[in-house]
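Visitor: Our numbering numbers the first residue of the sequence shown as 927 and each following residue consecutively.
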Amino acid sequence: RDMKDKNIVDQRMKQFDKDVLQWKNYDFVVINDDLENCYEQIIQLINSNLNNENNYYDIIVVENHIKKLLN
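1) Look up Tyr965 in the DSSP assignment and say whether it is helix, strand or coil.
2) According to the neighbour-count rule (16 or more other Cβ atoms, all chains shown, within 10 Å of its Cβ), is Gln941 buried or exposed?
3) Count the C-beta pairs between the region 981-988 and the region 929-936 that are closer than 8 Å, then say yes if the count reaches three, no if not.
4) Cβ of Val955 within 8 Å of Cβ of Leu995?
5) Skipping 5 residues on each side, what residues in its chain have a beta carbon closer than 7 Å to that of Ile968?
6) Could you check which residue in Gln948, Lys930 and Asp931 has the C-alpha nearest to that of His991?
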């Protein structure tokens with residue numbers, strides 16, 4: 927089993943760069959660097975969508991995080 931798990935992890939890590947680049951295409955990405963902050967962002971996004979309100983979603987934050995992860 928250990929070898930199978932290692933192979934799965936290796937495959938997923940190889941795919942990581944491609945997956946991360948797709949984040950820009952998602953409607954929303956919440957970065958979980960701080961659990962409480964992440965939770966609040968999710969609640970705000972849900973509430974704004976339910977109430978048809980504009981939400982503050984900063985794609986620049988996501989793009990910067992992608993760059994950080996890929997470097």
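Each residue gets a CB set at the ideal place from its N, CA and C atoms; glycine is no exception.
Guide: So, from the listed chains and residues:
1) Tyr965: helix per DSSP, three-state reduction.
2) Around the C-beta of Gln941, fewer than 16 other C-beta atoms lie within 10 Å, and the residue is accordingly described as exposed.
3) Using a C-beta cut-off of 8 Å, the region 981-988 makes no contact with the region 929-936, since fewer than three inter-stretch Cβ pairs fall below that distance.
4) No.
5) Val956.
6) Of Gln948, Lys930 and Asp931, the residue nearest in Cα terms is Gln948.
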